[in-house]
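A.B. asks: Starting off with a structure, shown below.
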Amino acid sequence: MKKLLNDPQNAVTESLEGFTAVHADLVELSLDPTYVTRAGGPVPNKVGLVSGGGSGHEPLHAGFVGDGMLDAAVPGEMFTSPTPDQIQPALEAADSGAGVLAIVKNYTGDVLNFEMAVELAGDDDHRVTTVLVNDDVAVEDSLYTAGRRGVAGTVAVEKIAGAAAARGDDLETVTAVAQRVADNVRTMGVALAPCTVPHVGRPGFELGDDEIEIGIGIHGEPGRRRAPVATADEITDQLLDPVVEDLGLTDGESVLLFVNGMGGTPLSELYVVYRRARSRLEGLGVSVSRSLVGNYVTSLEMQGASVSVLRLDDETTQLWDAPVRTAALHW
Amino acid sequence: MKKLLNDPQNAVTESLEGFTAVHADLVELSLDPTYVTRAGGPVPNKVGLVSGGGSGHEPLHAGFVGDGMLDAAVPGEMFTSPTPDQIQPALEAADSGAGVLAIVKNYTGDVLNFEMAVELAGDDDHRVTTVLVNDDVAVEDSLYTAGRRGVAGTVAVEKIAGAAAARGDDLETVTAVAQRVADNVRTMGVALAPCTVPHVGRPGFELGDDEIEIGIGIHGEPGRRRAPVATADEITDQLLDPVVEDLGLTDGESVLLFVNGMGGTPLSELYVVYRRARSRLEGLGVSVSRSLVGNYVTSLEMQGASVSVLRLDDETTQLWDAPVRTAALHW
Amino acid sequence: MLDVSWAVRWVRLTAEAVGLAKAELTELDRRIGDGDHGENLDRGYRAVVERLDALDPEPENVGDVLKLIATTLMSKVGGASGPLYGTAYLRAAKATAVPSLDASAVVALVEGALDGVTARGKAVPGEKTMVDAWQAAADAAAAAAHEGASAEEVLRRASTAATAGAASTTSMVATKGRASYLGDRSAGSADPGATSTALILDAAVRAVGEGR
Amino acid sequence: MLDVSWAVRWVRLTAEAVGLAKAELTELDRRIGDGDHGENLDRGYRAVVERLDALDPEPENVGDVLKLIATTLMSKVGGASGPLYGTAYLRAAKATAVPSLDASAVVALVEGALDGVTARGKAVPGEKTMVDAWQAAADAAAAAAHEGASAEEVLRRASTAATAGAASTTSMVATKGRASYLGDRSAGSADPGATSTALILDAAVRAVGEGR
Ligand SMILES: Nc1ncnc2c1ncn2[C@@H]1O[C@H](COP(=O)(O)OP(=O)(O)O)[C@@H](O)[C@H]1O
Ligand SMILES: Nc1ncnc2c1ncn2[C@@H]1O[C@H](COP(=O)(O)OP(=O)(O)O)[C@@H](O)[C@H]1O
Ligand SMILES: [Mg+2]
Ligand SMILES: [Mg+2]
Ligand SMILES: [Mg+2]
Ligand SMILES: [Mg+2]
Chain A
8 MKKLLNDPQN AVTESLEGFT AVHADLVELS LDPTYVTRAG GPVPNKVGLV SGGGSGHEPL
68 HAGFVGDGML DAAVPGEMFT SPTPDQIQPA LEAADSGAGV LAIVKNYTGD VLNFEMAVEL
128 AGDDDHRVTT VLVNDDVAVE DSLYTAGRRG VAGTVAVEKI AGAAAARGDD LETVTAVAQR
188 VADNVRTMGV ALAPCTVPHV GRPGFELGDD EIEIGIGIHG EPGRRRAPVA TADEITDQLL
248 DPVVEDLGLT DGESVLLFVN GMGGTPLSEL YVVYRRARSR LEGLGVSVSR SLVGNYVTSL
308 EMQGASVSVL RLDDETTQLW DAPVRTAALH W
Chain B
8 MKKLLNDPQN AVTESLEGFT AVHADLVELS LDPTYVTRAG GPVPNKVGLV SGGGSGHEPL
68 HAGFVGDGML DAAVPGEMFT SPTPDQIQPA LEAADSGAGV LAIVKNYTGD VLNFEMAVEL
128 AGDDDHRVTT VLVNDDVAVE DSLYTAGRRG VAGTVAVEKI AGAAAARGDD LETVTAVAQR
188 VADNVRTMGV ALAPCTVPHV GRPGFELGDD EIEIGIGIHG EPGRRRAPVA TADEITDQLL
248 DPVVEDLGLT DGESVLLFVN GMGGTPLSEL YVVYRRARSR LEGLGVSVSR SLVGNYVTSL
308 EMQGASVSVL RLDDETTQLW DAPVRTAALH W
Chain C
268 MLDVSWAVRW VRLTAEAVGL AKAELTELDR RIGDGDHGEN LDRGYRAVVE RLDALDPEPE
328 NVGDVLKLIA TTLMSKVGGA SGPLYGTAYL RAAKATAVPS LDASAVVALV EGALDGVTAR
388 GKAVPGEKTM VDAWQAAADA AAAAAHEGAS AEEVLRRAST AATAGAASTT SMVATKGRAS
448 YLGDRSAGSA DPGATSTALI LDAAVRAVGE GR
Chain D
268 MLDVSWAVRW VRLTAEAVGL AKAELTELDR RIGDGDHGEN LDRGYRAVVE RLDALDPEPE
328 NVGDVLKLIA TTLMSKVGGA SGPLYGTAYL RAAKATAVPS LDASAVVALV EGALDGVTAR
388 GKAVPGEKTM VDAWQAAADA AAAAAHEGAS AEEVLRRAST AATAGAASTT SMVATKGRAS
448 YLGDRSAGSA DPGATSTALI LDAAVRAVGE GR
């Protein structure tokens with residue numbers, strides 16, 4: 008394992024220190040416990056938005072703190088959910104009095120820690136609602152699993168809910184918008200090569216020279232199946248098909264197409280995947296009216312990508328287009 | 008070699024097709040010959056800015072086409088300079104009559120092909136000036152080399168010259184500003200793991216499990232020396248020291264600090280490098296007044312990073328801050 | 268005697284055991300989860316020991332020690348196991364607000380921990396989680412107490428049952444937690460959380476021995 | 268006879284040779300450059316052959332064939348070798364605007380190519396570039412013509428000298444082109460461009476044989 012790190016135990020803190028030094032106009036860092044808030048404190052009368060989760064998925068979530076998106080982000084240790092005593096003060100710091108929406112990716116650890124923090128913040132008279140993101144169609148959502156994982160679709164939920172909060176919607180409305188996005192976004196990912204968590208020191212899984220892992224999670228959790236290496240077009244189809252099917256997309260609908268890199272894949276390859284996914288969607292009569300391509304929800308240096316499709320309506324389209332000023336998304 | 012590609016011969020074209028589909032509001036793609044121009048054609052009375060070079064360094068250069076930066080980008084094959092018959096029409100397409108500045112990274116191939124294209128465009132009565140970027144302090148600039156390579160510093164030249172052109176400076180002034188930036192920026196990079204050019208099918212170099220390559224070029228050209236793996240802080244010092252020395256930075260000066268990822272390194276690690284470089288510069292009494300951290304001049308999936316320092320003056324600081332609206336830089 | 272100094276020894280032995288088994292727990296989690304369980308618990312218990320060292324005066328009740336573990340794990344571990352173990356120790360602490368434990372208090376401790384885990388995680392036995400170890404331990408403790416065993420003996424029976432419960436998870440298919448994403452592929456490797464539960468109860472027994 | 272059909276055969280044999288040596292040229296470039304020389308030339312010569320196939324009517328002069336190579340390589344190869352070989356063939360074409368070559372025309376062809384490469388790339392012999400092959404070829408051609416050799420013999424001597432010139436680059440330290448970044452580490456492997464120059468001139472000789 009070769010990494011640009013000092014003591015792995017300090018990786019999260021040192022990285023956040025660098026991040027907040029670069030983006031001091033956007034964010035402030037609290038240490039002990041660790042969380043990131045929007046510079047200048049919560050916006051009066053605006054619903055606060057908080058998300059968080061294990062580190063190693065940068066720019067998620069701290070890269071999305073700023074105007075039009077999150078008010079606070081709570082980074083855990085590498086691939087480990089943050090603790091209630093980090094989340095609670097972040098929730099409270101994000102509350103200007105209009106209440107707070109917590110956006111939680113559906114992992115047992117994230118769910119439990121946020122649940123406890125929300126209870127604690129509630130004890131302190133903060134109104135907090137929660138929306139779970141569970142967009143990963145690779146996992147069957149059934150009694151036999153912890154439910155679908157939250158993956159790249161989280162970006163869409165944070166952006167669109169952030170815009171709703173920014174235009175002054177109240178907590179119930181922001182929560183409903185976030186839930187609508189969560190309900191209408193689906194994702195599936197592939198890994199070509201694994202990643203190594205610094206303190207573990209060896210890759211999270213092994214892949215043969217001619218194998219890929221279809222349906223990978225963002226922590227390197229094995230996916231649906233091992234498959235032989237294939238062309239970008241073939242792999243894209245294997246990602247897109249279950250997404251389209253699960254969403255029940257039909258002719259004439261309009262979508263956001265989001266191709267997300269896992270961290271170690273060249274941008275140029277992501278565009279090749281996008282090209283195929285877009286032409287397939289258009290072939291189905293689906294209009295790709297908004298797009299995002301890049302490394303937004305990563306798994307350290309994992310090689311691979313995910314394809315997300317969000318069914319858009321007029322309101323969510325407008326909210327997607329609304330201005331955003333964060334380290335990682337800006338328009 | 009596992010990549011999200013179809014036929015490697017089509018990788019550049021397919022990727023550009025995806026890119027221009029995503030960013031149709033910003034760019035237009037010409038094929039045969041291949042180049043990318045700003046959507047809507049050149050801006051009347053504005054000096055045109057054109058850059059180009061081998062592909063595989065995305066988002067460089069096409070990701071920097073748009074308001075306040077480039078008017079055209081000319082992508083060659085993977086790691087191979089574009090040809091004069093691509094460059095010439097791009098130069099001409101970028102000329103609104105105010106002339107064109109070509110920003111060329113100092114590689115023999117880029118220099119020769121741009122030189123021929125500039126001659127051809129000149130025959131067609133286009134005024135074209137050229138600025139060479141040669142910021143890589145890993146290479147000795149002497150009679151015994153082809154001169155320093157142009158690497159990540161190119162982004163600063165393109166951004167600042169782009170802002171000068173956008174505010175209406177004439178060709179001579181834009182050229183002088185670009186040259187001033189090129190004269191005041193220095194870079195040094197490190198590779199932790201190599202990259203594989205698709206049609207070659209094997210890594211450009213080999214590194215032992217406990218070796219890094221200090222002074223790597225952006226095509227995987229071996230650098231100054233092999234070194235044992237070290238901490239991020241130690242590696243950062245090895246990159247920053249020659250940069251600072253070569254620039255002759257002194258107490259009280261103000262700089263842009265740019266930590267660039269080679270494509271396969273997690274963003275979180277780049278921030279760890281930034282943190283150290285910044286604290287070292289501040290220790291020298293140098294003020295880090297502007298910053299950029301991210302994957303901007305990549306080498307496919309290479310793992311590693313480079314540290315660039317640009318000495319700023321009031322004018323270049325203002326031009327850096329001026330609005331920019333491109334796929335990869337936006338403020 | 269299962270008194271406050273036993274509880275303190277228990278903590279220290281647990282921290283030691285988790286430190287030694289860190290790589291093994293991580294490897295179990297790497298196979299069917301995300302490879303951080305050893306690191307998570309090690310970080311947590313090291314913090315527990317630090318706080319214990321700084322503690323002045325000594326706690327009066329066994330429950331005070333367990334509460335310190337609970338709050339520390341909650342604030343240092345994260346992941347699924349942080350809230351689960353945190354809530355487990357918290358409930359166990361509530362059941363042990365006494366200077367030393369008799370047989371029925373040991374049962375209350377283990378049952379409290381089980382209640383905490385299931386209240387938080389909603390898992391039932393057979394889903395390949397730490398519940399499989401805690402449930403086995405609680406059942407064995409209750410049976411032993413019913414048979415009139417001593418406090419120490421109840422603890423010993425609970426610990427043995429937890430180890431067996433952890434071992435039983437090897438063949439199970441996970442339906443809770445991160446391992447559930449693997450479906451059938453989760454069978455064949457023991458659950459990391461059940462394994463760490465067995466380690467914790469084993470340390471409780473060894474803490475008795477060391478105090479003699 | 269070194270006439271137009273010889274020139275056409277030369278092109279085809281060059282394209283074939285470059286195709287076969289693609290991996291080897293790329294490997295040489297991988298060692299001291301960026302590993303694309305084989306791919307670059309192969310892309311270029313395949314395009315040359317395509318254009319040649321589409322050509323109607325047949326060119327009248329040897330120079331016409333060389334000019335077609337020049338413009339095609341310039342527009343298809345890129346890298347350093349595109350403009351260098353492009354300019355080489357362009358100058359060679361100017362020197363060979365005749366239906367067939369005598370000994371002095373062969374000398375003019377090779378010297379024209381050398382002039383093109385040096386005008387464009389500013390390298391001198393000993394810098395570990397294709398100049399080392401072209402210079403050796405030009406010297407040998409001039410000497411052979413001076414000794415009264417036939418056109419074919421001049422070509423043969425030039426080709427042999429180019430091969431030797433390419434081999435001589437192995438021990439050189441590069442001071443031009445991408446290999447120069449390596450400094451002393453560039454010694455020990457032949458220069459890819461000098462090697463491809465040797466291949467090109469070898470194909471010219473073989474094209475004579477095939478026409479007989
Ligand atoms: N719903 C649940 N109920 C009980 N235990 C659970 C549940 N989900 C997970 N666990 C336990 O947590 C353990 C994993 O803990 P850990 O690796 O620290 O957290 P994470 O899964 O968040 O990485 C599993 O081995 C399992 O025993
Ligand atoms: N200045 C120069 N003069 C002559 N030949 C050169 C010069 N620079 C490079 N070359 C030749 O070009 C060859 C490399 O070509 P190629 O690999 O196709 O281009 P690039 O170096 O741009 O990748 C070298 O092996 C060398 O022979
Ligand atoms: Mg975890
Ligand atoms: Mg090249
Ligand atoms: Mg885990
Ligand atoms: Mg080359």
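Protein chains in written order, with our numbering: chain A, 8 to 338; chain B, 8 to 338; chain C, 268 to 479; chain D, 268 to 479. A virtual CB, placed ideally from N, CA and C, is assigned to each residue, including glycine. Predicted model, so just to flag it, every value in this text is computed and none were measured.
Pull every residue with its beta-carbon under 5 Å away from any heavy atom of ligand 6, and keep them in chain order.
C.D. replies: Qualifying residues, in the order they occur: D/296, D/300, D/301, D/303, D/304.
A.B. asks: Going along chain D, which residues have a C-beta under 7 Å from residue 88 of chain B?
C.D. replies: For the purposes of this step, residue 88 of chain B is taken as the residue at position 81 of the second sequence. Result: 345, 346.
A.B. asks: Just to check, is the beta-carbon of residue 86 of chain A closer than 7 Å to a non-hydrogen atom of ligand 3?
C.D. replies: Counting from one through the first sequence, the residue named residue 86 of chain A turns up at place 79. Yes, ligand 3 has a heavy atom inside 7 Å of this Cβ.
A.B. asks: Run down chain A in chain order and give the residues with a C-beta less than 7 Å from the C-beta of residue 337 of chain B.
C.D. replies: Counted from its first residue, the second sequence places residue 337 of chain B at position 330. Those are 337, 338, listed as they occur along chain A.
A.B. asks: Looking at the strands, I want to know which residues DSSP matches up with residue 318 of chain B.
C.D. replies: Along the second sequence, one-based indexing puts residue 318 of chain B at 311. Paired residue(s): B/262.
A.B. asks: Shorter than 7 Å, the distance from the beta carbon of residue 346 of chain D to the closest heavy atom of ligand 4, or not?
C.D. replies: Your numbering for residue 346 of chain D matches position 79 in the fourth sequence. Under cutoff, so the answer is yes.
A.B. asks: Taking only beta carbons into account, state which residues of the segment 66 to 97 of chain A come closer than 7 Å to chain C, listed in chain order.
C.D. replies: So the list reads 83, 84, 86, 87, 88, 89, 90, 91, 92, given in the order they occur along the chain.
A.B. asks: For residue 2 of chain B, which residues in chain D fall below 8 Å Cβ to Cβ?
C.D. replies: Only positions 8 to 338 of chain B appear in this structure, which leaves residue 2 of chain B out of reach.
A.B. asks: Quick check: does the Cβ of residue 116 of chain B come within less than 7 Å of any heavy atom belonging to ligand 4?
C.D. replies: As a working note, residue 116 of chain B is residue 109 in the second sequence. Answer for residue 116 of chain B: yes, Cβ within range of ligand 4.
A.B. asks: Does ligand 1 have even one heavy atom less than 7 Å from the beta-carbon of residue 443 of chain C?
C.D. replies: Working through the third sequence from its first residue, we reach residue 443 of chain C at position 176. Result yes, Cβ under 7 Å from ligand 1.
A.B. asks: Can you name, in chain order, every residue of its own chain whose Cβ lies under 6 Å from the Cβ of residue 298 of chain A, other than the five neighbours on each side?
C.D. replies: For the purposes of this step, residue 298 of chain A is taken as the residue at position 291 of the first sequence. Excluding positions up to five away in sequence, the list reads 264.
A.B. asks: According to the neighbour-count rule (16 or more other Cβ atoms, all chains shown, within 10 Å of its Cβ), is residue 389 of chain C buried or exposed?
C.D. replies: Sequence index remark: in the third sequence, residue 389 of chain C carries index 122 (1-based). Flag for residue 389 of chain C reads exposed.
A.B. asks: Only counting runs of 3 or more residues, tell me where the beta strand (DSSP E) segments fall wholly within the segment 165 to 249 of chain B, in order along the chain.
C.D. replies: Correct list: 192 to 200, 218 to 221, 232 to 235.
A.B. asks: Strictly by DSSP, which residues pair up with residue 267 of chain B?
C.D. replies: Within the second sequence, residue 267 of chain B is the residue found at index 260, counting from 1. The partner list for residue 267 of chain B (beta bridge, DSSP) reads B/301, B/313.
A.B. asks: Should residue 141 of chain A be counted as a contact of ligand 1 given a C-beta to heavy atom distance under 7 Å?
C.D. replies: Residue mapping note: residue 141 of chain A aligns to position 134 of the first sequence, counting from 1. No - ligand 1 has no heavy atom lying nearer than 7 Å to the Cβ of residue 141 of chain A.
A.B. asks: Should residue 305 of chain A be listed as close to ligand 1, given that the test is whether its C-beta is under 7 Å from any heavy atom?
C.D. replies: Residue mapping note: residue 305 of chain A aligns to position 298 of the first sequence, counting from 1. Incorrect: residue 305 of chain A has no Cβ contact closer than 7 Å to ligand 1.
A.B. asks: Is residue 156 of chain B closer than 8 Å to residue 164 of chain B when the C-beta atoms are compared?
C.D. replies: Counting from 1 along the second sequence, the entry for residue 164 of chain B is found at position 157. Counting from 1 along the second sequence, the entry for residue 156 of chain B is found at position 149. No, the Cβ-Cβ distance between residue 164 of chain B and residue 156 of chain B is not below 8 Å.
A.B. asks: Would you kindly work out how many angstroms separate the C-alpha atoms of residue 271 of chain B and residue 227 of chain A, rounded to a whole number?
C.D. replies: By 1-based counting over the second sequence, the position of residue 271 of chain B is 264. By 1-based counting over the first sequence, the position of residue 227 of chain A is 220. The straight-line gap from Cα to Cα measures roughly 16 Å.
A.B. asks: Can you give me the C-alpha to C-alpha distance between residue 44 of chain A and residue 37 of chain A, rounded to a whole angstrom?
C.D. replies: For the purposes of this step, residue 44 of chain A is identified with residue 37 of the first sequence, where counting begins at 1. For the purposes of this step, residue 37 of chain A is identified with residue 30 of the first sequence, where counting begins at 1. Using only the alpha carbons, I get a separation of about 8 Å.
A.B. asks: Return the first residue and the last residue of the beta strand (DSSP E) that residue 35 of chain B is part of.
C.D. replies: In the second sequence, the residue the question calls residue 35 of chain B occupies position 28. Residue 35 of chain B -> beta strand (DSSP E) spans 34 to 37.
A.B. asks: Work out the CA separation of residue 336 of chain B and residue 26 of chain B for me, nearest whole Å.
C.D. replies: In the second sequence, counting from the first residue as 1, residue 26 of chain B sits at position 19. In the second sequence, counting from the first residue as 1, residue 336 of chain B sits at position 329. Approximately 15 Å between the Cα atoms of the pair.
A.B. asks: How many angstroms separate the CA atom of residue 335 of chain D from the CA atom of residue 319 of chain D?
C.D. replies: As a first step, residue 335 of chain D is located in the fourth sequence; it is residue number 68 there, counting from the start. As a first step, residue 319 of chain D is located in the fourth sequence; it is residue number 52 there, counting from the start. Those two C-alpha atoms are separated by around 8 Å.
A.B. asks: Could you tell me if the beta carbon of residue 397 of chain D falls within a distance shorter than 7 Å of some heavy atom in ligand 2?
C.D. replies: As a working mapping, residue 397 of chain D is identified with position 130 in the fourth sequence. At least one heavy atom of ligand 2 is nearer than 7 Å to the Cβ of residue 397 of chain D, so yes.
A.B. asks: Quick check on residue 465 of chain D: does DSSP put it in helix, strand or coil?
C.D. replies: Residue mapping note: residue 465 of chain D aligns to position 198 of the fourth sequence, counting from 1. It is helical.
A.B. asks: Thinking just about the alpha-carbon of each residue, which of D/303, D/310, D/315, D/360 is nearest to the one in residue 375 of chain D?
C.D. replies: Taking the fourth sequence and counting its residues from 1, one reaches residue 375 of chain D at position 108. Selected option, being the one with the closest Cα: D/360.
A.B. asks: Mind checking residue 339 of chain A: buried by the 16 CB within 10 Å criterion, or exposed?
C.D. replies: The displayed coordinates of chain A run from 8 to 338. Any statement about residue 339 of chain A would go beyond what the structure contains.
A.B. asks: What residues in the segment 300 to 330 of chain B have a beta carbon less than 7 Å from any beta carbon of chain A?
C.D. replies: Residues 300, 305, 307, 308, 310, 312.
A.B. asks: Can you give me the Cβ contacts of residue 279 of chain C inside the same chain, cut-off strictly under 7 Å, excluding the 5 residues immediately before and after it?
C.D. replies: The count along the third sequence starts at 1 and reaches residue 279 of chain C at position 12. Cβ within range, chain order: 316.
A.B. asks: Just to confirm the assignment: which complete beta strand (DSSP E) runs, minimum length 3, are found wholly within the segment 108 to 145 of chain B?
C.D. replies: Counting only runs of 3 or more, we get 135 to 140.
A.B. asks: Please report the straight-line C-alpha distance between residue 339 of chain A and residue 341 of chain D, rounded to a whole angstrom.
C.D. replies: Since the first residue shown for chain A is 8 and the last is 338, residue 339 of chain A is missing from the structure and cannot be characterised.
A.B. asks: Leaving out five residues on either side along the sequence, give the residues of the same chain with a beta carbon under 7 Å from the beta carbon of residue 99 of chain B.
C.D. replies: Position 92 of the second sequence, counting from 1, holds the residue named residue 99 of chain B. Here the set comprises 128, 131, 133.
A.B. asks: What are the residues that DSSP puts in a beta bridge with residue 77 of chain A?
C.D. replies: Stepping through the first sequence from its first residue, residue 77 of chain A is reached at position 70. A/72, per the DSSP bridge assignment.
A.B. asks: Given that residue 219 of chain A touches chain B, what residues does it touch there, using C-beta distances under 9 Å?
C.D. replies: The residue given as residue 219 of chain A occupies position 212 in the first sequence. The contacting residues are 9.
A.B. asks: From residue 432 of chain C to residue 395 of chain C, what does the alpha carbon distance come to, in whole angstroms?
C.D. replies: Within the third sequence, residue 432 of chain C is the residue found at index 165, counting from 1. Within the third sequence, residue 395 of chain C is the residue found at index 128, counting from 1. If I take the Cα positions, the gap works out to 10 Å.
A.B. asks: Short of 7 Å Cβ to Cβ, which residues in the segment 301 to 321 of chain C face chain A?
C.D. replies: Hits within the stretch, in order: 301, 302, 303, 306, 307.
A.B. asks: Please confirm whether residue 422 of chain C and residue 472 of chain C have their CB atoms less than 8 Å apart.
C.D. replies: Within the third sequence, residue 422 of chain C is the residue found at index 155, counting from 1. Within the third sequence, residue 472 of chain C is the residue found at index 205, counting from 1. Contact flag set, yes.
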